[in-house]
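Undergrad: In terms of my numbering, the sequence shown is residues 21 to 495. Just so it is clear, CB atoms sit at the ideal spot from N, CA and C, and this is done for glycine as well.
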Amino acid sequence: MKEETTPPSNHPDHNAPAAPANSAGSLPNSRKVFVKTYGCQMNVYDSQRMADSLAAEGYVTTDTPDDADMVLLNTCHIREKASEKLYSALGRLREMKKQRHKNGREMIIGVAGCVAQAEGDEIVRRSPSVDLVVGPQTYHRLPQALAQVRQGQQVVDTEYAVEDKFEHLPAASRDRLSKRGVSAFLTVQEGCDKFCTFCVVPYTRGSEVSRSVTQIVNEAVRLVQAGVRELTLLGQNVNGWHGIGDDGREWGFGELLYRLAEIPDIARLRYTTSHPRDMDDVLINAHRDLDILMPYLHLPVQSGSDRILRAMNRKHKADDYIRLIERIRSARPDMALSGDFIVGFPGETDEDFEDTMRLVREVGYAQAYSFKYSPRPGTPGADLPAHVEEQVKDERLQRLQALLSEQQYAFQDSLVGTEMDVLLEKPGRLEGQMIGRSPWLIPVIIDKNPGEAGDMIRVRVTTTGTNSLVAEKCA
Ligand code: SAH
Ligand code: SF4
Ligand code: F3S
Numbered sequence: 021m022k023e024e025t026t027p028p029s030n031h032p033d034h035n036a037p038a039a040p041a042n043s044a045g046s047l048p049n050s051r052k053v054f055v056k057t058y059g060c061q062m063n064v065y066d067s068q069r070m071a072d073s074l075a076a077e078g079y080v081t082t083d084t085p086d087d088a089d090m091v092l093l094n095t096c097h098i099r100e101k102a103s104e105k106l107y108s109a110l111g112r113l114r115e116m117k118k119q120r121h122k123n124g125r126e127m128i129i130g131v132a133g134c135v136a137q138a139e140g141d142e143i144v145r146r147s148p149s150v151d152l153v154v155g156p157q158t159y160h161r162l163p164q165a166l167a168q169v170r171q172g173q174q175v176v177d178t179e180y181a182v183e184d185k186f187e188h189l190p191a192a193s194r195d196r197l198s199k200r201g202v203s204a205f206l207t208v209q210e211g212c213d214k215f216c217t218f219c220v221v222p223y224t225r226g227s228e229v230s231r232s233v234t235q236i237v238n239e240a241v242r243l244v245q246a247g248v249r250e251l252t253l254l255g256q257n258v259n260g261w262h263g264i265g266d267d268g269r270e271w272g273f274g275e276l277l278y279r280l281a282e283i284p285d286i287a288r289l290r291y292t293t294s295h296p297r298d299m300d301d302v303l304i305n306a307h308r309d310l311d312i313l314m315p316y317l318h319l320p321v322q323s324g325s326d327r328i329l330r331a332m333n334r335k336h337k338a339d340d341y342i343r344l345i346e347r348i349r350s351a352r353p354d355m356a357l358s359g360d361f362i363v364g365f366p367g368e369t370d371e372d373f374e375d376t377m378r379l380v381r382e383v384g385y386a387q388a389y390s391f392k393y394s395p396r397p398g399t400p401g402a403d404l405p406a407h408v409e410e411q412v413k414d415e416r417l418q419r420l421q422a423l424l425s426e427q428q429y430a431f432q433d434s435l436v437g438t439e440m441d442v443l444l445e446k447p448g449r450l451e452g453q454m455i456g457r458s459p460w461l462i463p464v465i466i467d468k469n470p471g472e473a474g475d476m477i478r479v480r481v482t483t484t485g486t487n488s489l490v491a492e493k494c495a
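Right, here's the structure in full:
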């Protein structure tokens, strides 16, 4: 069974798109790299940065492994299924590489991302055809690793670097930045110190680090100058970001948003993923004050049972979350909520699960992701007693997903007949059609040449699709 509630465009365990292909206009004898991204948005961002850094080494990106001189798999370790995808992909690539060598051509195989960090040595042991392994904190050293591979070495570089990788990564060229499109990701924070007992992220991404205000503002300005209109700030705990502000004071994430909102021509700001414990008053007020901060918040709660929340080490109760949502909604009444849920955490009883269903009914989500608990080696949850049977997990997931889908469709239906601003992103399938985003991230389809990518237009919603809205441009 597919674990997500809906096919997500931007979430873990989803096969994210390969880094944007930009082979057009390449030099005839330049090398090609195919980057395959698994996992979350942070990996999508990292893939772009790795492709930027490989561009400086003469590689252009391609959207198929068939003609690639290098294949780089940017991996996810969050659930067992996500992790296993690496080994099946490597099996296929090994055969390709053999064939390629017979024809006298090179094919370098690289593994990056969270499985690389967690299982670096095991990867090269299980798959000797892998040439290099870099972790999420060491990928700025990719060019050096590549040079070593060319000298015949196999490289595993997953030692946490002492240096700041962002200071060492080459800035993307204007040409590459302009291919980011209308909406781009910008990582502002990495890693996690929260140690939820089910989660591998603190081990694969390391401890929490915030990028500096200067680095973030400079990157944002460059993206906007290259045509980006919507920025999604990323972090495993994005609202835990903190740093020294322009005024010399310690800023929290809310202050950073106020600062970014001053950049001319930014049309929209979003951020993900937040932890309920880091939603402070400044951030909530930013939602009240900043029109360009979109009224859509991904705020995972995981469970509605206090007993399970404690066992998960989430450090808040179900009621704290509900009160928090009330405060956020009173600051921004049109706020739509998204969340993550885990069913079948060890020890979860029918009663605990009913508490989750109750919380979902009380909050009302516009959209959400739900997963069966997947024990991850090395996390405390894996060693807990009373693991829940697979069949029970399946049943609970089905019930939860049915409720979440119902809420999603109810939210979409509630938008029919209303007017909203849509940021146009790309042409649709039909002639003259454009696809844009509503403030609540739902794609909106508009016919009759409503404008160009990057335009913000006013529309009226006429009907809903499965995961989209259909609208017409207001006169
Ligand atoms: N930093 C984010 C989430 C990162 S992982 C946060 O704290 O919310 C994304 C989601 O994957 C989590 O919210 C959780 O719902 C899910 N997840 C993480 N580990 C999991 C596991 N072992 N089994 C099932 N789902 C898991
Ligand atoms: Fe994982 Fe919890 Fe950290 Fe999110 S807050 S990344 S779920 S440990
Ligand atoms: Fe996966 Fe790593 Fe993201 S484990 S969800 S790619 S932080």
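So what's residue 359 in DSSP terms, helix, strand or just coil?
TA: Looking at residue 359 - three-state DSSP - the assignment turns out to be strand.
Undergrad: May I have the straight-line CA-CA distance separating residue 200 from residue 473, to the nearest angstrom?
TA: Cα to Cα, the separation comes out at about 12 angstroms.
Undergrad: Please list, following the chain, all residues that have a C-beta closer than 6 angstroms to any non-hydrogen atom of the ligand SF4.
TA: Residues flagged by the Cβ proximity filter: 212, 214, 215, 216, 219, 221, 222, 256, 257, 295.
Undergrad: Among residues of its own chain, excluding the 5 on either side of residue 349, which ones have a beta-carbon nearer than 7 angstroms to its beta-carbon?
TA: Result list for residue 349: 355, in chain order.
Undergrad: Can you tell me whether residue 98 sits near the ligand F3S, meaning its C-beta is under 7 angstroms from at least one heavy atom of the ligand?
TA: Answer for residue 98: yes, Cβ within range of the ligand F3S.
Undergrad: Any heavy atom of the ligand F3S inside 7 angstroms of the beta-carbon of residue 63?
TA: Within the cutoff, so yes.
Undergrad: Exposed or buried, residue 123, counting other C-beta atoms within 10 Å across all chains shown (16 or more means buried)?
TA: Residue 123 should be labelled exposed.
Undergrad: Consider the Cβ of residue 276: report whether some Cβ of chain B lies at a distance smaller than 8 angstroms.
TA: No chain B is part of this structure, which consists of one protein chain only.
Undergrad: Report the three-state DSSP secondary structure of residue 343 (helix, strand or coil).
TA: DSSP places residue 343 in helix when its eight states are reduced to three.
Undergrad: Out of curiosity, what's the CA-to-CA distance linking residue 92 and residue 419?
TA: In a straight line, the C-alpha of residue 92 is about 38 angstroms away from that of residue 419.
Undergrad: Please report the distance separating the alpha-carbon of residue 268 from that of residue 292.
TA: So the alpha carbons of these two residues sit roughly 26 angstroms apart.
Undergrad: What number of angstroms, rounded off, separates the C-alpha of residue 366 from the C-alpha of residue 373?
TA: Residue 366 and residue 373: Cα-Cα distance of roughly 12 angstroms.
Undergrad: Could you check the C-alpha separation between residue 326 and residue 304 for me, to the nearest Å?
TA: Each residue's alpha carbon lies about 24 angstroms from the other.
Undergrad: Classify residue 177: buried if its beta carbon has 16 or more other beta carbons within 10 angstroms, exposed otherwise.
TA: Flag for residue 177 reads buried.
Undergrad: Between residue 422 and residue 134, what straight-line distance do the alpha-carbon atoms span, to the nearest angstrom?
TA: Looking at the two C-alpha atoms, the distance is approximately 31 angstroms.
Undergrad: Got a sec? Which residues, its chain only, sit under 8 angstroms from residue 222 by beta carbon, not counting five neighbours each side?
TA: Here the set comprises 211, 212, 213, 214, 215.
Undergrad: Shortest alpha-carbon distance to residue 160 belongs to which of 143, 170, 190, 149?
TA: Closest by alpha carbon: 190.
Undergrad: Quick check: the Cα distance between residue 328 and residue 371, rounded to an integer number of angstroms?
TA: Looking at the two C-alpha atoms, the distance is approximately 11 angstroms.
Undergrad: What did DSSP end up calling residue 92 once you bin it into helix, strand or coil?
TA: Strand.
Undergrad: Under a three-way DSSP split, which group does residue 457 fall into?
TA: If DSSP states are grouped into helix, strand and coil, residue 457 belongs with the strands.
Undergrad: Which residues share a DSSP beta bridge with residue 290?
TA: In DSSP, residue 290 forms a bridge with 252.
Undergrad: Would you mind working out which of 119, 287, 226 sits nearest residue 252, comparing C-alpha positions?
TA: Checked all of 119, 287, 226; the closest Cα to residue 252 is 287.
Undergrad: Short check: CB of residue 254 to CB of residue 62, under 8 angstroms?
TA: Yes, the pair counts as a contact, with Cβ atoms nearer than the cut-off.
Undergrad: Relative to the C-alpha of residue 431, which residue among 402, 476, 481 is closest?
TA: Ranking 402, 476, 481 by Cα distance to residue 431 puts 481 first.
Undergrad: Distance, Cα to Cα, residue 439 vs residue 106?
TA: Taking the straight line from one Cα to the other gives about 44 angstroms.
Undergrad: When burial is assigned at 16 or more other CB atoms within 10 Å of the CB, is residue 94 buried or exposed?
TA: Counting Cβ neighbours within 10 Å, residue 94 comes out buried, since at least 16 surround it.
Undergrad: Assuming residue 444 contacts residue 471 (C-beta within less than 8 angstroms), just tell me the rounded distance between them.
TA: With a Cβ gap of about 5 angstroms, residue 444 and residue 471 count as contacting.
Undergrad: Check whether the Cβ of residue 224 sits closer than 7 angstroms to any heavy atom of the ligand F3S, and report yes or no.
TA: True, at least one ligand heavy atom lies under 7 angstroms from that Cβ.
Undergrad: Mind reading off the beta-carbon distance from residue 198 to residue 247? Whole number of angstroms is fine, and I expect it under 8 angstroms.
TA: Between residue 247 and residue 198 the Cβ distance is about 6 angstroms, and since that is below 8 angstroms, they are a contact.
Undergrad: Contact check, residue 413 vs residue 363 under 8 angstroms by CB: the rounded distance?
TA: About 6 angstroms; that satisfies the 8 angstroms criterion.
Undergrad: Residue 125 to residue 86, Cα distance in whole Å?
TA: Whole-angstrom Cα-Cα distance: 12 angstroms.
Undergrad: Among 110, 282, 476, 75, which has the Cα closest to the Cα of residue 166?
TA: The candidate whose alpha carbon is nearest that of residue 166 is 75.
Undergrad: Suppose you measure from the CA of residue 27 to the CA of residue 173; what does that come to, to the nearest Å?
TA: No answer about residue 27 holds up, because its pLDDT of 34 lies below 50 and its placement is not dependable.
Undergrad: If we count the other Cβ atoms within 10 Å of its Cβ and call it buried at 16 or more, is residue 238 buried or exposed?
TA: That one is exposed.
Undergrad: Kindly list the residues whose CB is nearer than 6 angstroms to the CB of residue 54, restricted to its own chain and excluding five residues on each side of it in sequence; keep chain order.
TA: The residues are 82, 85, 88, 91.
Undergrad: Quick check on this structure: which residue in 270, 401, 400, 219 has the alpha carbon closest to the alpha carbon of residue 232?
TA: Checked all of 270, 401, 400, 219; the closest Cα to residue 232 is 270.
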